[in-house]
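Numbering (UniProt numbering), first residue to last: 337 to 557. Built from N, CA and C at the ideal position, the CB exists for glycine as well.
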Amino acid sequence: MNELAFDQVTFTYPNGKTPIFNEASVSIKKGDKLALIGPSGIGKSTFIKLLMRYFDVEKGCVEIDGTNISEIPTASLRTKQTLVSQETYLFNDTIANNIKIGKADATLEEVIEAAKKASIHEFIETLPNGYETKVGELGGMVSSGEKQRLGLARAFLHDGDVLILDEPTSNLDALNEGSILKSINDYNKDKTIVMISHRKSTTAICDQVYKLENQTLILQK
Ligand code: ADP
Ligand code: ADP
């Protein structure tokens, strides 16, 4: 069965003139790793917003495990899908608590395991108080790559059925891009992954690459 599906989706923003999607379809099976590429402003973020039901579609439907997303309570949707945003926002709290967002009862062992998978454990160990270091004490010590890894650690700990990545490497140089992609690829081979990117290099770990063009989703690979 498809874990996620876009079935003949048409969507126009309430104040928009032209549709972002016009009868667009795609099926994502459990364990599939799918990337959506396309130039800036074409509608990639909107794809994520429809998958996560930040907006309802106009025609057609978005399905999870065969159920129309509009029939799934929002709270259960949020436990099933884990989003890694383009930018990771850190609270002025400890590193451990920042990783635990959305999973307050996680143990330190679980936090460390997630940090290891995101290749940020060694960095955290070098901080004055390790996992208890407050983000505010770090000043400019956190690079965009490290922030992105903290965001990944947060997502790995949350461990929803579907990992959704919004431009996971857009703020990074080629070296950091490769290492972030490796962490995502090694995290869990059976995990369903959906990512959007305007950079083709990001899609290397995906087995299906779609392009958003003429308001539809076109298979590239
Ligand atoms: P991408 O992620 O490919 O850069 P987006 O999905 O962010 O593209 O945006 C697609 C188009 O929809 C753009 O023209 C953008 O300005 C427009 N758009 C995005 N969000 C909204 C919104 N909330 N209301 C109206 N138009 C929007
Ligand atoms: P991204 O680069 O991640 O696609 P943008 O900078 O295009 O994000 O958009 C930032 C926010 O502004 C998003 O939440 C998007 O939905 C909203 N937005 C973008 N374009 C419009 C628009 N024309 N009207 C209203 N909101 C918009």
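Asked, Found
"Once you ignore the five residues that flank K366 on each side, which residues in its own chain have a CB closer than 7 Å to its CB?", "E339 and T528"
"Hey, which residues come within less than 6 Å of ligand 1, measuring from Cβ to any heavy atom, in chain order?", "Y349, N351, G352, I356, G374, S376, G377, I378, G379, K380, S381 and T382"
"Quick one: complete alpha helix (DSSP H) runs, 4+ long, within the segment 383–418?", "410–416"
"Helix, strand or coil for L508? Go by DSSP, reduced to three states.", "coil"
"Ignoring anything shorter than 4 residues, give me the alpha helix (DSSP H) runs that lie fully in the segment 413–457, in order along the chain.", "431–435 and 444–453"
"Taking Cβ to Cβ, would you say L501 is nearer than 8 Å to M531?", "yes"
"With DSSP as the reference, please indicate the residues paired to Q544 in a beta bridge.", "L370"
"By alpha-carbon positions, which one of K380, S376, K369 and N434 ends up nearest to L553?", "K380"
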